[in-house]
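Residue numbers (the working numbering): 998 to 1131. Don't be surprised by glycine CBs; every beta carbon is placed ideally from N, CA and C.
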């Protein structure tokens, strides 16, 4: 689908939404899983390689908090709660930003599996043209 730079793209923006409490619970569980999978050791490795929290991989969400823990500025329990809180706040900002998009199509993901959502999206897209004029 090649178009001149002066033509606008026919873009479909799908946004997945879910009950806020379910979203926050998933964020909390994901944080716990990442920590159990070695997030702290990964952070130590990246620090040893010379990375810092200002750019590169350690600038991603959660790493600065782990660095503070590694330097003794917070307990592990405090660190985990701060990561969860900051991630929830980030998710809220993302939702706020996407809600300003006039053409966004919102799909409720609450209580639905990835397979269910994929089926819903596929059914919605069936027969839909991806680009203008096709």
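{"Check": "Terminal residues of the continuous alpha helix (DSSP H) containing residue 1026?", "Outcome": "1017-1033"}
{"Check": "Can you find the residues in the same chain that come closer than 8 Å, C-beta to C-beta, to residue 1083, ignoring five residues on each side of it along the sequence?", "Outcome": "1058, 1059, 1062"}
{"Check": "Take residue 1012 as the anchor and find which of 1110, 1098, 1055 has the nearest alpha-carbon.", "Outcome": "1098"}
{"Check": "For residue 1102, count neighbouring C-beta atoms within 10 Å of its own C-beta (all shown protein chains included) and say buried if the count is 16 or more, exposed if not.", "Outcome": "exposed"}
{"Check": "Using the beta-carbon count (16 or more within 10 Å), is residue 1042 buried or exposed?", "Outcome": "exposed"}
{"Check": "Taking all protein chains shown into account, do 16 or more other C-beta atoms lie within 10 angstroms of the C-beta of residue 1131, making it buried, or fewer, making it exposed?", "Outcome": "Note that residue 1131 scores a pLDDT of 43, beneath 50, so its modelled location is shaky; the value from the coordinates is reported in the next line. So residue 1131 ends up on the exposed side."}
{"Check": "Below 8 Å, can you find three or more Cβ-Cβ pairs linking the region 1084-1091 to the region 1104-1117?", "Outcome": "no"}
{"Check": "Could you tell me if residue 1030 is buried or exposed, where buried requires 16 or more neighbouring beta carbons within 10 angstroms of its beta carbon?", "Outcome": "exposed"}
{"Check": "Ordered along the chain, which non-local residues of its own chain (more than five positions away) have a Cβ less than 6 Å from that of residue 1076?", "Outcome": "1062, 1066"}
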